[in-house]
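Residue numbers (my numbering): 1082 to 1206.
Comments concern the structure below.
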């Protein structure tokens, strides 16, 4: 599990750097933590059904978007439970705290899903 999370974080840092998104942007550290939680959940809960986890990236002038995809059919609810229990609670608290959004999208065949995170970036002149 640790290697999957490390590889996902390192790849994300590389993508951000290549796209010119400053490591100092206030959304970057939370984005890396959100990503780590989502990859950890996929590896922990979906591995028997879905040994592969895919991370997808997109960015706009003031937005960074990423998704973690696996082929497990369960679609977790995305709501802040307020329990402070980590995992998806942490994902939602960080995402909403930054003014972002989180959405679960099922695969067309119903056998997998992606959790999409959209985070605003600080506008730079």
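Each residue gets a CB set at the ideal place from its N, CA and C atoms; glycine is no exception.
From a predicted model like this one, the values you see are computed outputs, not experimental measurements.
Under the three-state reduction of DSSP output, residue 1187 falls in the strand class. Annotation: the region 1094-1141 contains the following complete segments of the alpha helix (DSSP H) (minimum length 4 residues), in chain order: 1109-1122. In the structure shown, the three-state DSSP call for residue 1161 is coil.
In the structure shown, residue 1143 falls within a coil segment according to DSSP collapsed to helix, strand and coil.
Around the beta carbon of residue 1131, 16 or more other beta carbons sit within 10 angstroms, so the residue counts as buried.
For residue 1171, same chain residues with a beta-carbon under 6 Å away, outside a window of 5 residues either side, are 1118 in chain order. Under the three-state reduction of DSSP, residue 1179 is assigned to coil, being neither helix nor strand. Judged by DSSP secondary structure, residue 1200 falls within the beta strand (DSSP E) whose first and last residues are 1194-1201.
Rounded to whole angstroms, residue 1188 and residue 1203 show a C-alpha spacing of 32 Å.
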